[in-house]
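The structure appears right after this line, and notes come after that.
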Amino acid sequence: PVIRLDGANDADVKVSYEFFPAKTEKAEAALWDAVKRLEILQPSYVSVTYGAGGTTQERTLGTVARMVRETSLTPAAHLTCVGASCATIDAVADELWEAGVRSIVALRGDPQSGFGGRYEPHPEGYPYAPELIEGLKKRHDFEVFCSAYPERHPESPDWQTELDVLRRKADAGASKAITQFFFEADIFFRFRDRVADAGIDIDIVPGVMLQPNVEGLSRMANAVGVAVPDWYRRLFEGLEDDLPTRQMLTASVATDLCAELYDGGVRDFHLYTLNRADIAIAVSRALGEAHARIRHRE
Ligand code: FAD
């Protein structure tokens with residue numbers, strides 16, 4: 020499918036981009052190159068992740084603070100409950116607020132041992148995302164986003180549990196839920212219907228993955244309970260040593276997915292950029308975002 024926007028609707032499309040904090044000087048330069056290139060597309064916001072086990076606290080903070088200082092972007096800092104007391108998290112929230120950050124993606128987080136490790140709430144911490152959201156909302160007037168899982172979080176035994184947690188996050192004040200990545204638009208639509216049927220008042224925004232490292236992505240998908248379809252595996256088969264082709268296919272697959280989502284009424288898209296601008300720009304342009312902005316400037 021190709022997205023054919025009729026011009027009048029282009030301006031409705033909202034795109035946001037997710038980055039992770041860089042670990043090395045070289046990665047830092049690449050991140051800022053991507054940030055500057057994507058800034059031109061005027062995303063509704065950009066988010067910066069928080070390492071597993073809270074390991075990137077300083078770098079996440081430094082990155083969003085620099086975004087406030089040096090760009091026109093609206094940054095959202097990810098923040099997790101893992102391994103920290105409420106007092107520590109509250110202090111991070113204060114620092115974010117003082118740095119001019121007004122949006123937070125609030126998460127429980129995964130243990131430092133990574134996916135699949137057993138999560139234990141910190142004895143003096145916020146145990147799960149709903150409690151964290153409540154704490155953040157009480158402390159400052161943040162806009163708070165949360166996560167959602169179209170194929171269920173691996174720790175949720177049934178849909179009732181999954182939807183109960185989402186409801187608690189909405190009730191605690193989260194204004195939208197960004198989904199875990201997924202490969203088929205129907206998975207998103209079925210989930211959106213479930214949320215609507217349960218009467219949960221929250222916008223569900225699809226998280227669209229732009230990872231051309233397909234092997235790594237498949238491993239991650241398995242670890243977090245995301246189904247990798249056969250067509251997707253076949254599409255990339257034999258391209259292990261051909262990154263440029265994998266990148267083009269990744270852009271093509273993501274554009275198709277966005278087109279189907281658009282046809283199903285989605286107007287807000289969150290792109291997992293992996294700190295690269297090229298694929299994200301290609302997908303955004305296909306979404307009409309760039310065209311709408313360019314027209315508005317004329
Ligand atoms: P929650 O919504 O709190 O709940 C997850 C599960 O825990 C529930 O589905 C339920 O099974 C169980 N649960 C919830 N409440 C209770 C309760 N009271 N009692 C018992 N069980 C309960 N991780 C990072 O480390 N850093 C990031 O920056 C990051 N960004 C992310 C962004 C998005 C958009 C998404 C989708 C995920 C992100 N993650 C990140 C991963 C996330 O931290 C993990 O998926 C984690 O396992 C769950 O966090 P959550 O906020 O979704 O959890």
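Heads up: take any position in the sequence shown, counting from 1, add 19, and you land on the UniProt record's numbering.
The beta-carbon is built from N, C-alpha and C at its ideal position, and this holds for glycine as well.
As far as DSSP is concerned, His159 takes part in no beta bridge.
The ligand FAD approaches Lys188 closely enough that one of its heavy atoms is under 8 Å from the residue's Cβ. If the five residues before and after Thr68 are omitted, its C-beta is found closer than 6 Å to the C-beta atoms of Phe39 and His97, all from its own chain and listed in chain order.
Ser91 carries a coil assignment under DSSP once its states are collapsed to helix, strand and coil.
Distances between the C-beta of Ile197 and the heavy atoms of the ligand FAD include at least one below 8 Å. Around the Cβ of Lys188, a 10 Å sphere holds 16 or more other Cβ atoms; the residue is buried. Of the candidates Glu77, Lys33, Thr75 and Thr79, Lys33 places its Cα closest to the Cα of Gln61. Contact annotation: the stretch 254–264 does not touch the stretch 277–295, with fewer than three C-beta pairs closer than 8 Å. Rounded to whole angstroms, Arg127 and Val101 show a C-alpha spacing of 7 Å. In this structure, His97 has its beta carbon less than 8 Å from a heavy atom of the ligand FAD. Note that the stretch 159–168 does not touch the stretch 47–62; fewer than 3 beta-carbon pairs, one per stretch, sit closer than 8 Å.
A distance below 9 Å separates the beta carbons of Ala95 and Val83.
The straight-line gap separating the alpha-carbon atoms of Met267 and Ile298 is approximately 8 Å.
Ranked by Cα distance from Val65, the options Ala46, Thr93 and Arg121 are led by Thr93.
Sequence-distant partners of Lys195 (beyond 5 residues in either direction) whose C-beta falls short of 7 Å from its own C-beta, in its chain, are Phe164, Ile221, Asp222 and Val224.
Placement of the Cβ of Tyr36 at a distance of 8 Å or more from every heavy atom of the ligand FAD is found.
Inclusion of Ile108 and Leu80 in the CB contact set at 9 Å is not warranted, their separation being larger than that value.
Taking 4 residues as the minimum length, the alpha helix (DSSP H) runs contained wholly in the stretch 79–144 are 105–117, in order along the chain. If you look at Tyr64, you'll find it in the beta strand (DSSP E) that goes Tyr64 to Val67. The beta carbon of Val87 sits closer than 7 Å to those of Pro94, Ala118, Gly119 and Val120, all from its chain and outside the five residues before and after it, given in chain order. By the CB criterion at 9 Å, Lys45 and Arg78 fall outside the cutoff. Scanning its chain for C-beta atoms nearer than 8 Å, with the 5 sequence neighbours on each side dropped, one finds around His141 the residues Cys100, Val101, Gly102, Ala103 and Ser104, in chain order.
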